[in-house]
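Colleague:
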Ligand SMILES: Cc1cc2nc3c(=O)[nH]c(=O)nc-3n(C[C@H](O)[C@H](O)[C@H](O)COP(=O)(O)OP(=O)(O)OC[C@H]3O[C@@H](n4cnc5c(N)ncnc54)[C@H](O)[C@@H]3O)c2cc1C
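Residue numbers (UniProt numbering): 1 to 384.
1. I want to check one thing, is the minimum distance from the CB of residue 106 to the heavy atoms of ligand 1 below 6 Å?
2. Return the first residue and the last residue of the alpha helix (DSSP H) that residue 350 is part of.
3. Note down the Cα distance separating residue 161 from residue 3, rounded to an integer number of angstroms.
4. Below 7 Å CB to CB, which residues in the same chain sit around residue 378 once its five sequence neighbours on both sides are set aside?
5. Exposed or buried, which one is residue 224 when buried takes at least 16 other CB atoms within 10 Å?
6. For the beta strand (DSSP E) containing residue 97, list its first residue and its last residue.
7. To the nearest whole angstrom, what separates the beta carbons of residue 310 and residue 381, a pair I think is in contact under 8 Å?
8. Could you check the C-alpha separation between residue 114 and residue 125 for me, to the nearest Å?
9. According to the neighbour-count rule (16 or more other Cβ atoms, all chains shown, within 10 Å of its Cβ), is residue 192 buried or exposed?
10. Considering only the beta carbon of each residue, do residue 349 and residue 360 sit closer than 7 Å?
11. Are at least three pairs of beta-carbons, each pair with one atom in the stretch 204 to 223 and one in the stretch 84 to 104, less than 8 Å apart?
12. Would you mind stating whether residue 29 and residue 72 have Cβ atoms separated by less than 7 Å?
13. Check residue 54 in the structure and name its three-state DSSP category.
14. Over what stretch of residues does the alpha helix (DSSP H) that includes residue 245 continue unbroken?
15. Using a Cβ-Cβ cutoff of less than 7 Å, which residues in the same chain neighbour residue 306 once the five nearest sequence positions on both sides are dropped?
16. Using alpha carbons as the reference points, say which of 197, 105, 258 and 206 lies closest to residue 321.
17. When you compare the CB positions of residue 230 and residue 163, do they come within less than 7 Å of one another, or not?
18. Considering only the alpha carbon of each residue, which of 156, 51 and 170 lies closest to residue 218?
19. I need the straight-line Cα distance from residue 237 to residue 173, nearest angstrom please.
20. Shorter than 6 Å, the distance from the beta carbon of residue 45 to the closest heavy atom of ligand 1, or not?
21. Please go through the stretch 153 to 203 and give each complete beta strand (DSSP E) segment of 3 or more residues, from N-terminal end onward.
22. Straight-line CA distance for residue 112 to residue 127?
23. Could you tell me which uninterrupted alpha helix (DSSP H) segments, each at least 4 residues in length, are contained entirely in the stretch 63 to 138, listed from first to last along the chain?
24. Cβ-heavy atom distance between residue 33 and ligand 1 below 6 Å?
25. At a threshold of 6 Å, does residue 275 count as lining ligand 1 (C-beta to nearest heavy atom)?
26. Which whole-angstrom value is the C-beta distance of residue 43 and residue 287, which I expect to be below 8 Å?
27. Tell me, please, which residues DSSP counts as bridged to residue 30.
28. Mind reading off the beta-carbon distance from residue 352 to residue 370? Whole number of angstroms is fine, and I expect it under 8 Å.
29. Would you kindly work out how many angstroms separate the C-alpha atoms of residue 254 and residue 343, rounded to a whole number?
30. Any heavy atom of ligand 1 within a distance shorter than 6 Å of the CB on residue 368?
31. Determine the extent of the beta strand (DSSP E) in which residue 376 is found, giving its start and end residues.
32. Can the beta-carbon of residue 14 be found closer than 7 Å to that of residue 40?
33. To which residues of the same chain is residue 168 closer than 6 Å at the C-beta, ignoring the five residues directly before and after it?
34. Does ligand 1 have even one heavy atom less than 6 Å from the beta-carbon of residue 62?
35. What would DSSP say about residue 301, mapped onto helix, strand or coil?
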């Protein structure tokens, strides 16, 4: 028996492994990862400065400790270069093969990287894992001003954390307001005011064109003629599911690796969850969907076929200077935002033509108190 093979030791891979081991204590389990396999909670990366934590503080368990806990093999620094589903095996970059009875893709997503003109373009940092975060912390160590490209969820969280560490932050992006893809204008403006009061500077409605080295830092030229000087440049413009392995092996892919409610891909014996997966058309790169998917898939792998159920899953944006909780409506949903000012923030509800709640955005410490009540009123994302 070859057992279960999970590619990826992020939250998706390890959460599934834990759920599955709780149900099956004897079938062989192997996890393979191209990184060091340390267990950490990725959302902690964008709040560690404010909490006074070093990258090392964020490691909760080493790969060896995880292998012991899970009674599993955890192969680290091992990159999977091909899936061979017809033979139920995968090939590693070093030429080895790993056989499986069931394969789970927990490959995560890649940060989107824009290209810029100028001799400083190659110095732009992204943070999507612990190794990136180590580089980021080294780069900002002696820096008091950081340019941050991308006023979305992760960008706003890093801006919040960088000002908490006493640094000046210049946030740049084409959006008219921060969190532009998640919240209506009034809510975005409230977030902007809250972060500006904490010291964040926004350059919105424009994009970076050139990044040049200048003294010990960088000079960013903006499309609107503006210019930003900074000691380090961080880009947070979104993530893209890792699809290459699946695509090359002939699995159906669209924006993510296509899976049905059982988390099964188009090829028998191969499953996917986490940031790489597109579950019935939805790519939801957040922690809560991983928890639900891992529970369901663990049951399915243990022989009790269980479709995943997604309840309403609001996301907390960790902008401590101006707290935010969002449950964005489905992009295809018909309806309109209803806005109510609350304290220094906004309570925004997205209602369909019959007045049913389909999404919400709460900003500011008063408004976020409505989270439990509004969450209860939301329909599930995928019905059970
Ligand atoms: C800074 C930051 C803050 C966030 N904050 C929040 C938050 O507050 N709330 C929230 O819900 N979500 C948040 N998220 C999103 C959340 O962290 C992710 O949805 C989640 O961690 C994704 O886990 P994953 O296991 O799918 O992917 P990953 O953690 O990216 O894991 C992918 C794994 O696949 C492995 N891998 C990939 N390709 C190969 C290969 N070819 N061979 C071998 N191994 C491979 C990698 O080594 C890695 O182990 C945040 C994300 C970031 C970056």
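Where is the CB? At the ideal position from N, CA and C, for every residue including glycine.
Modeller: According to the data block:
1. Residue numbering aside, residue 106 sits at position 106 when the chain shown is read from its first letter. Indeed, a heavy atom of ligand 1 lies less than 6 Å from the Cβ.
2. Here residue 350 refers to the residue found at position 350 of the chain shown. Per DSSP, residue 350 belongs to no alpha helix (DSSP H); it is in the beta strand (DSSP E), 345 to 351.
3. The residue labelled residue 161 in the question sits at position 161 within the chain shown. The residue labelled residue 3 in the question sits at position 3 within the chain shown. Taking the straight line joining both Cα atoms gives about 42 Å.
4. For this step, residue 378 is matched to residue 378 along the chain shown. So the list reads 312, 327 and 357, once near-sequence residues are dropped.
5. Residue mapping note: residue 224 aligns to position 224 of the chain shown, counting from 1. The residue in question, residue 224, is exposed, as its Cβ has fewer than 16 Cβ neighbours within 10 Å.
6. Walking along the chain shown from the start, residue 97 turns up at place 97. Residues 97 to 99.
7. For the purposes of this step, residue 310 is taken as residue 310 along the chain shown, with counting starting at 1. For the purposes of this step, residue 381 is taken as residue 381 along the chain shown, with counting starting at 1. Indeed they touch by this definition, with Cβ atoms about 4 Å apart.
8. To locate residue 114, count along the chain shown from 1; it is residue 114. To locate residue 125, count along the chain shown from 1; it is residue 125. Computed Cα separation, rounded: 11 Å.
9. The sequence position of residue 192 within the chain shown is 192, counting from 1. Result: buried.
10. Counting from one through the chain shown, the residue named residue 349 turns up at place 349. Counting from one through the chain shown, the residue named residue 360 turns up at place 360. Yes, they are a contact pair.
11. Here the stretch 204 to 223 makes no contact with the stretch 84 to 104; the two share fewer than three CB pairs at distances below 8 Å.
12. For the purposes of this step, residue 29 is identified with residue 29 of the chain shown, where counting begins at 1. For the purposes of this step, residue 72 is identified with residue 72 of the chain shown, where counting begins at 1. Taking the C-beta atoms as reference points, residue 72 is found nearer than 7 Å to residue 29.
13. Counted from its first residue, the chain shown places residue 54 at position 54. Residue 54: coil per DSSP, three-state reduction.
14. Residue mapping note: residue 245 aligns to position 245 of the chain shown, counting from 1. Looking at the DSSP string, the run of the alpha helix (DSSP H) that includes residue 245 is 244 to 248.
15. Position 306 of the chain shown, counting from 1, holds the residue named residue 306. Answer for residue 306: 296, 299 and 300, listed in chain order.
16. Reading the chain shown from its first residue, position 321 is the one you call residue 321. Measuring C-alpha to C-alpha distances from residue 321 to each of 197, 105, 258 and 206 identifies 197 as the nearest.
17. Position 230 of the chain shown, counted from the first residue, corresponds to residue 230. Position 163 of the chain shown, counted from the first residue, corresponds to residue 163. Taking 7 Å as the Cβ cut-off, residue 230 and residue 163 do not qualify as a contacting pair.
18. As a working note, residue 218 is residue 218 in the chain shown. 170 is the residue among 156, 51 and 170 whose C-alpha sits nearest the C-alpha of residue 218.
19. Walking along the chain shown from the start, residue 237 turns up at place 237. Walking along the chain shown from the start, residue 173 turns up at place 173. Their Cα atoms are separated by approximately 9 Å.
20. Here residue 45 is taken as the residue at index 45 of the chain shown, counted from 1. Yes, Cβ of residue 45 sits closer than 6 Å to a heavy atom of ligand 1.
21. If we require 3 residues or more, the beta strand (DSSP E) runs fully inside the stretch 153 to 203 come out as 168 to 173.
22. Indexing the chain shown from 1 puts residue 112 at position 112. Indexing the chain shown from 1 puts residue 127 at position 127. Those two C-alpha atoms are separated by around 11 Å.
23. Segments of the alpha helix (DSSP H) lying fully in the stretch 63 to 138: 63 to 70.
24. On the chain shown, residue 33 is found 33 positions in, with the first residue counted as 1. Residue 33: yes, Cβ under 6 Å from ligand 1.
25. Residue 275 sits at position 275 when you count from the first residue of the chain shown. If you check the C-beta of residue 275 against ligand 1, you find a heavy atom less than 6 Å away.
26. Counting from 1 along the chain shown, the entry for residue 43 is found at position 43. Counting from 1 along the chain shown, the entry for residue 287 is found at position 287. Indeed, because the Cβ distance is near 6 Å, the residues count as touching under 8 Å.
27. Here residue 30 corresponds to residue number 30 of the chain shown, with the count starting at 1. According to the DSSP secondary-structure assignment, residue 30 is paired through a beta bridge with 5 and 73.
28. What you label residue 352 is simply residue 352 of the chain shown in a count that begins at 1. What you label residue 370 is simply residue 370 of the chain shown in a count that begins at 1. That belief does not hold up - the Cβ atoms of residue 352 and residue 370 are roughly 19 Å apart, past 8 Å.
29. Within the chain shown, residue 254 is the residue found at index 254, counting from 1. Within the chain shown, residue 343 is the residue found at index 343, counting from 1. In this structure, the straight-line span from the alpha carbon of residue 254 to that of residue 343 is close to 42 Å.
30. Translated into positions along the chain shown, residue 368 becomes position 368. Result no, Cβ not under 6 Å from ligand 1.
31. Taking the first residue of the chain shown as position 1, residue 376 is located at position 376. Taken as a continuous stretch (DSSP letters only), residue 376 belongs to no beta strand (DSSP E), being part of the alpha helix (DSSP H) at 371 to 377.
32. By one-based count along the chain shown, residue 14 stands at place 14. By one-based count along the chain shown, residue 40 stands at place 40. Contact flag unset, no.
33. As a working note, residue 168 is residue 168 in the chain shown. Excluding sequence positions up to five before and after residue 168, its CB lies within less than 6 Å of the CB of 145, all in the same chain and listed in chain order.
34. Locating residue 62 in the chain shown gives position 62, where the first residue counts as 1. No, Cβ of residue 62 sits at least 6 Å from all heavy atoms of ligand 1.
35. Along the chain shown, read from residue 1 onward, the residue named residue 301 stands at position 301. Assignment of residue 301 by DSSP, reduced to helix, strand and coil, places it in the helix class.
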